[in-house]
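Participant: Have a look at this one.
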Amino acid sequence: MAQKKQAAKKPIATKKAAVQKTERKTQPKTESKPSVSESELLLQSLRGMRDILPDEQPYWERVRRSISNAAQEYGYSRIEVPMVEYLHLFVRSIKEGTDIIDKELYSFTTRGGDRVALRPEFTAGIARAYIQHGMSVLPKPIKLFSMGPVFRYDRPQEGRYRELWQGNFDVFGEDDPILDAQVIQLAYRVVRELGLKDIEFQVNSIGVPESRKRYEKALVRYLESQKHKLCQNCRERLSTNPMRILDCKEDKCIQLTSQAPQALDFLDDESRAHFKSLLEYLDELELPYSINPRLVRGLDYYTRTVFEIWSSDREGKKYALGGGGRYDNLIQELGGEPTPAIGFGLGLDRIVLEMKRVHAKPHEPVRPRVFLAQLGDLAKKKSLRLFSDLEKNGILVAESFGRGSLKAQLRVASRLGVEVTIILGQKEALDETAIVKDMISGTQETVRQDKLTDAVKKILKSNVQLSHSSPKN
Ligand code: HAM
């Protein structure tokens with residue numbers, strides 16, 4: 153409690169010197185690169201950053217829709233926060249000693265002299281917005297969601313990028329463990345709905361700062377005695393952020409920490425009761441979870457509940473598809489009122505990879521059922537207006553305006569498998585009529601342009617009725 157008060161007094165801005173120190177630390181070491189000519193560089197995206205081409209978009213579209221629908225169902229309102237914030241916001245929230253701050257921040261000084269960084273995650277910006285816009289007066293809980301790119305100067309490989317997309321959910325103003333369970337339920341709902349089945353939730357509780365300090369002491373005591381067995385990075389972490397050692401992927405560190413004291417054994421009574429209730433709720437929900445006592449997460453604002461969502465690929469490759477937890481002190485530490493909070497982020501790039509791996513269905517866009525073909529200069533001129541009239545009446549129309557030959561246009565129509573083709577030739581353009589061809593029955597008629605929508609709708613309707621009444625084989 154004493155620590156909370158002290159933190160609340162600090163203003164949101166840190167001292168210039170401290171920021172400069174962080175900035176020096178956050179400047180990544182320059183990579184040694186083979187020499188590439190300037191013109192070659194122009195034609196490639198930056199390392200770890202990719203184009204998501206139209207071919208891949210149906211997967212992304214399904215993910216985006218699923219996240220937006222789930223957010224709506226669970227009562228979350230959308231919030232957009234800037235991609236760039238003051239550097240010290242991230243440093244104050246995520247804290248030094250984490251890889252995100254020490255190694256992965258894209259930070260720079262603007263022309264105006266402001267020290268800023270590209271957001272490496274959403275929560276810090278959302279917490280800032282929560283305080284800045286006085287959201288604490290709104291009825292609780294306040295549920296916010298966001299979706300967009302974040303930036304981390306990580307070592308790129310499959311499933312790990314420097315520009316990555318996150319779907320992010322945060323709830324403010326409620327510390328009841330039922331919220332923790334509901335947040336996990338929501339994450340499960342999203343990944344299940346996307347067709348991902350081999351999913352495992354790992355949960356843990358890291359307690360409050362006081363119990364965490366007791367735990368850190370015990371952990372350091374244990375690790376100090378065998379320091380020589382740790383990797384170089386972890387030897388440094390021993391003095392900067394010992395809990396990060398539990399997250400190290402080096403075999404020798406994993407071996408050593410498997411015998412280390414566990415955070416759960418150092419929990420204060422309230423955190424223990426909180427965690428016990430959460431597990432009861434999860435059991436009730438029958439979610440596939442396991443307790444991972446080593447789970448500490450890579451951001452330092454968490455308190456009590458932490459969790460991660462893992463894909464369990466049988467070939468041995470595993471990805472964290474998402475992660476989150478409680479951060480009951482962050483709002484106060486940034487200068488707001490004491491406000492419990494919980495949230496999670498989903499890694500959309502990894503979710504798309506996983507969808508492809510398990511052959512989950514991409515989004516299927518609505519296909520146009522009508523094609524508009526034109527022949528001759530006047531018809532070409534009139535066709536844009538006709539296209540927009542049909543579209544205004546809710547009829548999705550395909551076209552190939554750039555092609556002059558009717559034959560080539562009809563070939564496109566047949567490739568698309570449309571049910572109706574409208575043909576506008578020179579004569580029809582002059583008469584203000586159009587030919588409407590029913591591609592299923594093969595019949596065609598000439599109709600006045602002001603009756604075109606009705607004629608097309610009639611054919612489409614009769615086709616729907618036909619397909620509903622025809623016996624299925
Ligand atoms: P995080 O665990 O750092 O949490 O990131 C969430 C997810 O983003 C990860 O589980 C992973 O799927 C994806 N991700 C992270 N780094 C990369 C990368 N380099 N390439 C591809 N995907 C990646 C957070 O960011 C917290 N802000 C979540 C949160 C929200 N906690 C409370 N509210």
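Converting from the sequence shown to the working numbering requires adding 152 to each position, the first position being numbered 1.
All C-beta atoms, glycine included, are put in the ideal place defined by N, C-alpha and C.
Only a predicted model underlies this, so the values are computations on that prediction, with no experimental measurement involved.
#1: Label N545 either buried or exposed according to how many other C-beta atoms from any shown protein chain fall within 10 Å of its C-beta, with 16 as the threshold for buried.
#2: Hey, how far is the Cα of E438 from the Cα of F324?
#3: Quick one: Cα of V608 to Cα of A560, how far?
#4: Using 6 Å as the cut-off, classify the Cβ of A281 as near or not near the heavy atoms of ligand 1, replying yes or no.
#5: Let me know the secondary structure DSSP gives N615 once reduced to three states.
#6: What did DSSP end up calling D327 once you bin it into helix, strand or coil?
#7: Given a cut-off of 7 Å on the beta-carbon distance, is the pair Y453 and L482 in contact?
#8: I'd like the ranges of any alpha helix (DSSP H) spanning at least 4 consecutive residues and lying wholly in the region 179-234.
#9: Going by DSSP in three states, K262 sits in which element: helix, strand or coil?
#10: If R521 and V572 are in contact, beta carbons under 8 Å, what's the gap, nearest whole angstrom?
#11: Is it true that the region 284-300 meets the region 248-257, where meeting means three or more beta-carbon pairs spaced less than 8 Å apart?
#12: Have a look at D332, I330, I351 and flag the residue whose alpha-carbon is nearest the alpha-carbon of Y340.
#13: Within the present structure, is the beta-carbon of F496 separated from the nearest heavy atom of ligand 1 by less than 6 Å?
#14: Do the CB positions of L505 and G319 come within less than 7 Å of each other?
#15: Straight-line CA distance for L524 to K613?
#16: Between which residues of its own chain and L626 is the CB-CB distance below 7 Å, once the five residues before and five after are set aside?
#17: Does E361 come out as helix, strand or coil in the three-state DSSP assignment?
#18: Shorter than 6 Å, the distance from the beta carbon of G300 to the closest heavy atom of ligand 1, or not?
#19: Measure the C-alpha to C-alpha separation of P301 and D583 and round it to an integer number of angstroms.
#20: Please name the residue in Q309, S540, D266, V335 whose C-alpha comes closest to that of F496.
#21: So what does DSSP say about A493, is it helix, strand or coil?
#22: Short of 6 Å in beta carbon distance, which residues of its chain neighbour R446, apart from the five on each side in sequence? Order them along the chain.
#23: Is any non-hydrogen atom of ligand 1 found closer than 6 Å to the C-beta of A333, if you look at the structure I gave you?
#24: Do L498 and G474 have their C-beta atoms within less than 7 Å of each other?
#25: Taking only the alpha-carbon atoms, compute the straight-line gap between L270 and G227 and give it to the nearest angstrom.
#26: Are the beta-carbon atoms of R230 and F297 separated by less than 7 Å?
#27: Within 7 Å of any Cβ in chain D, is that where the Cβ of V289 sits?
#28: Is it right to say V510 is buried, meaning 16 or more other beta carbons lie within 10 angstroms of its own, or is it exposed?
#29: Could you check if K404 is buried or exposed, using at least 16 other CB atoms within 10 Å of its CB as the buried criterion?
#30: Ligand 1 and Y228: does any heavy atom of the ligand fall closer than 6 Å to the residue's C-beta?
#31: Taking its Cβ as the centre, do 16 or more other Cβ atoms sit within 10 Å of N221, making it buried, or is it exposed?
Facilitator: In brief:
#1: Your numbering for residue 545 matches position 393 in the sequence shown. By the neighbour-count definition (other C-beta atoms within 10 Å, threshold 16), N545 is an exposed residue.
#2: What you label residue 438 is simply residue 286 of the sequence shown in a count that begins at 1. What you label residue 324 is simply residue 172 of the sequence shown in a count that begins at 1. If you take the alpha carbons of E438 and F324, they lie about 26 Å apart.
#3: Translated into positions along the sequence shown, residue 608 becomes position 456. Translated into positions along the sequence shown, residue 560 becomes position 408. Annotation: V608 to A560 spans about 22 Å, alpha carbon to alpha carbon.
#4: Mapped onto the sequence shown, residue 281 falls at position 129. Ligand 1 has no heavy atom closer than 6 Å to the beta-carbon of A281.
#5: For the purposes of this step, residue 615 is identified with residue 463 of the sequence shown, where counting begins at 1. Three-state result, N615: helix.
#6: The residue you call residue 327 lines up with position 175 of the sequence shown. Three-state DSSP puts D327 in coil, outside helix and strand.
#7: As a working note, residue 453 is residue 301 in the sequence shown. As a working note, residue 482 is residue 330 in the sequence shown. It is a contact, given that the beta carbons lie within the stated cut-off.
#8: Secondary structure within the region 179-234: the alpha helix (DSSP H) runs of 4 or more consecutive residues, fully enclosed, are 190-194, 209-225 (chain order).
#9: Taking the sequence shown and counting its residues from 1, the one referred to as residue 262 is at position 110. Sequence check: residue 262 is Thr here, not Lys. Coil, per DSSP.
#10: The residue labelled residue 521 in the question sits at position 369 within the sequence shown. The residue labelled residue 572 in the question sits at position 420 within the sequence shown. The pair is a contact, with the Cβ atoms about 7 Å apart (cut-off 8 Å).
#11: Flag = no, the region 284-300 and the region 248-257 do not touch.
#12: Within the sequence shown, numbered from 1, the residue matching residue 340 stands at position 188. Closest option to Y340, Cα to Cα, is I351.
#13: Within the sequence shown, numbered from 1, the residue matching residue 496 stands at position 344. Checking every heavy atom of ligand 1 against the Cβ of F496, one is found closer than 6 Å.
#14: Looking up residue 505 in the sequence shown gives position 353. Looking up residue 319 in the sequence shown gives position 167. Not in contact: L505 and G319 (Cβ atoms no closer than 7 Å).
#15: Counting from 1 along the sequence shown, the entry for residue 524 is found at position 372. Counting from 1 along the sequence shown, the entry for residue 613 is found at position 461. Taking the straight line from one Cα to the other gives about 18 Å.
#16: Past the boundaries of the shown model lies residue 626; the chain is included only from 153 to 625, so the question cannot be answered.
#17: Working through the sequence shown from its first residue, we reach residue 361 at position 209. The displayed chain sequence assigns Pro, not Glu, to residue 361. The answer is helix: DSSP assigns P361 an H, G or I state.
#18: In the sequence shown, residue 300 corresponds to position 148, counting from 1. G300: no, Cβ never under 6 Å from ligand 1.
#19: Residue numbering aside, residue 301 sits at position 149 when the sequence shown is read from its first letter. Residue numbering aside, residue 583 sits at position 431 when the sequence shown is read from its first letter. Going by the C-alpha atoms only, they are around 53 Å apart.
#20: Position 344 of the sequence shown, counting from 1, holds the residue named residue 496. Ranking Q309, S540, D266, V335 by Cα distance to F496 puts V335 first.
#21: Position 341 of the sequence shown, counting from 1, holds the residue named residue 493. Taken through DSSP and simplified to helix, strand or coil, A493 comes out as strand.
#22: Taking the sequence shown and counting its residues from 1, one reaches residue 446 at position 294. So the qualifying residues of the chain are L398.
#23: Translated into the one-based positions of the sequence shown, residue 333 becomes position 181. Here the distance from the Cβ of A333 to the nearest heavy atom of ligand 1 is not below 6 Å.
#24: Locating residue 498 in the sequence shown gives position 346, counting from the first residue. Locating residue 474 in the sequence shown gives position 322, counting from the first residue. It is a contact, given that the beta carbons lie within the stated cut-off.
#25: Within the sequence shown, numbered from 1, the residue matching residue 270 stands at position 118. Within the sequence shown, numbered from 1, the residue matching residue 227 stands at position 75. Taking the straight line from one Cα to the other gives about 28 Å.
#26: One-based indexing of the sequence shown puts residue 230 at position 78. One-based indexing of the sequence shown puts residue 297 at position 145. Yes, these two residues count as a Cβ contact at 7 Å.
#27: Included in the structure is just one protein chain, with no chain D present.
#28: Residue numbering aside, residue 510 sits at position 358 when the sequence shown is read from its first letter. When all chains shown are included, V510 counts as exposed.
#29: Taking the sequence shown and counting its residues from 1, one reaches residue 404 at position 252. Result: exposed.
#30: Locating residue 228 in the sequence shown gives position 76, where the first residue counts as 1. Checking every heavy atom of ligand 1 against the Cβ of Y228, none is found closer than 6 Å.
#31: Taking the sequence shown and counting its residues from 1, the one referred to as residue 221 is at position 69. Taking all protein chains shown into account, N221 has fewer than 16 neighbouring C-beta atoms within 10 Å of its C-beta and is therefore exposed.
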